[in-house]
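Visitor: Here it is, the structure in full.
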Amino acid sequence: MNQPDDNLLIQRILEGNTAAYSVIVDKYKDLVYSVVLKIVKSREEAEETAQDTFLKAYHALPGFKREAKFSTWLFRIAYNTAISKTRRKLVTTLAIDDKLIDNYSTDEIRENIGQLDEEEQIKVLNKVIKLLGSEDQLLINLFYNSRQSVEEIASITGLSEANVKVKLHRIRKRLYVEMESRMKSGIPQLRN
Amino acid sequence: MINFADMNNNQYTEHPEDQFLFDLIGKMPVEKAPEGFTAGIMQQVYSGYEPIAETPEYRKQMLWAYLAIGVALVIFLIMLFAQWPFLKITIPTDQGILRNLLHAGLGFFDGFSKVLFYIKDSSGIIIIFLALSLLLIFERLFRKGFSQDRSFLL
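In structure tokens form, the structure reads like this:
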């Protein structure tokens, strides 16, 4: 189903059509919820934070300049709300050996992963992602799930673009190394 | 949920290995917001103020409202501090209904003037309290009928 453009919906809301906001909430609720869940870690707190995010965004709508994408603006509110709620620093993944990290073959990993059925692929990836720190999981979520660009992620998190790029590069490599390690240790183990 | 099919292009793929990860991560289920999440948000939205943009029309309305408050304030100050010299005019008292009406009207102003003198002679707190109350009443009256449920005093 085609969904109305965000800017069009915002225009309608600002013209007094409050109900149009429910379309925006429906559209982004899962993404916002999953982003804040990476920061606050408890489902109850995540629900509360996601609610706060949407209410803050609603009241701040007249000030939305449309210089950035609405989703980026919304994720920035979500990120700041979650961070101010937890008052803690996000955990980055521990560095792993650069030699180890460069010594992998993406083609081989892709081929191996391709042999698994979809459920098993998801299982491998889930296990690998859980090894990452909260900040890395958040970056994955923003980049791969929420489709935010490096520049947009920098604007959401307050990190520099170069820093986001480096972090994504290392996360990507870490994912491949861990996936390879799990593939080598045998598919039956993945089912545990 | 967002349909990302049209977004799944090289714009987001800054690295050749990304497409594989995009495909793989795309298969993973996203954490779902709890049931009734949207309804809960909308309930809170409906119970609050509307985020109407400050359009030129809205700004014009607000300008008029501020002007009205300014005028109300000036009128109030005149009422409070003016000397009402016209009240001292002596009116002939033998001209029928017109005379009686005029007399009653002046009596009203005379009474009003006496009330104001009484207020002026009373404590400063009462004067401030009355001035603020009057401003609040004027403000409430002028914002009634605006499309925004906003008040600049409360």
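Protein chains in written order, with numbering that gives the first Met the number 0: chain A, 0 to 191; chain B, 0 to 153.
Heads up, the beta-carbon is just placed ideally off N, CA and C, and yes, glycines get one too.
All figures in this text were calculated on a predicted structure; none of them were measured in a lab.
Using a Cβ cut-off of 7 Å (strictly closer), state whether glutamine 18 of chain B contacts chain A.
Guide: So, not an interface residue.
Visitor: Confirm, please, whether the CB-CB distance from glutamate 117 of chain A to lysine 26 of chain B is below 7 Å.
Guide: For lysine 26 of chain B and glutamate 117 of chain A, yes; Cβs fall inside 7 Å.
Visitor: How is aspartate 5 of chain A classed by DSSP in three states: helix, strand or coil?
Guide: Residue state, collapsed to three classes: helix.
Visitor: How about threonine 71 of chain A and glutamate 151 of chain A: are their beta carbons less than 7 Å apart?
Guide: Against a cut-off of 7 Å, the Cβ pair of glutamate 151 of chain A and threonine 71 of chain A comes out as a contact.
Visitor: Counting Cβ pairs closer than 8 Å, one from the stretch 134-141 of chain A and one from the stretch 160-177 of chain A, do we hit at least three?
Guide: Enough Cβ pairs lie closer than 8 Å, so yes.
Visitor: Would you mind giving the Cβ-Cβ distance between phenylalanine 69 of chain A and aspartate 5 of chain A, rounded to the nearest angstrom? I have them listed as a contact below 8 Å.
Guide: Contact flag correct, Cβ pair sits at about 4 Å.
Visitor: Kindly indicate which three-state DSSP category phenylalanine 53 of chain A falls into: helix, strand or coil?
Guide: Helix.
Visitor: Is there a C-beta anywhere in chain B that falls below 7 Å from the one on leucine 124 of chain A?
Guide: Taking Cβ atoms only, chain B reaches closer than 7 Å to leucine 124 of chain A, which makes this a yes.
Visitor: Got a sec? Which residues, its chain only, sit under 7 Å from glutamine 120 of chain A by beta carbon, not counting five neighbours each side?
Guide: Around glutamine 120 of chain A: Ile112.
Visitor: If we call anything under 7 Å between Cβ atoms a contact, is asparagine 140 of chain A one with valine 22 of chain A?
Guide: For asparagine 140 of chain A and valine 22 of chain A, no; Cβs fall outside 7 Å.
Visitor: Is alanine 19 of chain A closer than 7 Å to leucine 8 of chain A when the C-beta atoms are compared?
Guide: Yes, Cβ-Cβ distance for leucine 8 of chain A and alanine 19 of chain A is below 7 Å.
Visitor: Against chain A, with Cβ distances strictly below 7 Å, would lysine 197 of chain B count as a contact?
Guide: An answer regarding residue 197 of chain B cannot be provided, because it is not within the stretch 0 to 153 covered by chain B.
Visitor: So with Cβ pairs under 7 Å, would you call lysine 192 of chain A a contact of chain B?
Guide: Nothing about residue 192 of chain A can be read from this structure; chain A reaches only from 0 to 191.
Visitor: Any C-beta of chain A sitting closer than 7 Å to the C-beta of leucine 62 of chain B?
Guide: False, the Cβ-Cβ gap to chain A never drops below 7 Å.
Visitor: At a cut-off of 6 Å, would you count serine 145 of chain A as near the ligand GTP, judging by its Cβ distance to the nearest heavy atom?
Guide: For the structure depicted, the ligand GTP is absent and the ligand set is empty, with no information on it obtainable.
Visitor: Does the CB of glutamine 42 of chain B have a neighbour CB from chain A at under 7 Å?
Guide: Chain A contact via Cβ: absent.
Visitor: Find the residues of chain B that neighbour aspartate 25 of chain A, judging by a C-beta separation of less than 8 Å, and give them in chain order.
Guide: Neighbours of aspartate 25 of chain A on chain B, chain order: Thr37.
Visitor: Is it the case that the Cβ atoms of tyrosine 175 of chain A and isoleucine 128 of chain A are separated by a distance below 7 Å?
Guide: No, the pair does not count as a contact, with Cβ atoms beyond the cut-off.
Visitor: So, lysine 55 of chain A versus isoleucine 82 of chain A, is the Cβ gap smaller than 7 Å?
Guide: No, Cβ-Cβ distance for lysine 55 of chain A and isoleucine 82 of chain A is not below 7 Å.
Visitor: If you follow the alpha helix (DSSP H) that asparagine 125 of chain A is part of, which residue opens it and which one closes it?
Guide: Unbroken alpha helix (DSSP H) run through asparagine 125 of chain A: 117-129.
Visitor: Relative to the C-alpha of phenylalanine 53 of chain A, which candidate in B/Ile126, B/Gln43, B/Val73 has its C-alpha closest?
Guide: Answer by Cα proximity: B/Gln43.
Visitor: For the alpha helix (DSSP H) containing alanine 32 of chain B, list its first residue and its last residue.
Guide: From DSSP, alanine 32 of chain B is part of no alpha helix (DSSP H); its letter is neither H nor E.
Visitor: Taking the C-alpha atoms as reference points, what is the distance between threonine 17 of chain A and arginine 11 of chain A?
Guide: Cα-Cα distance, rounded: 8 Å.
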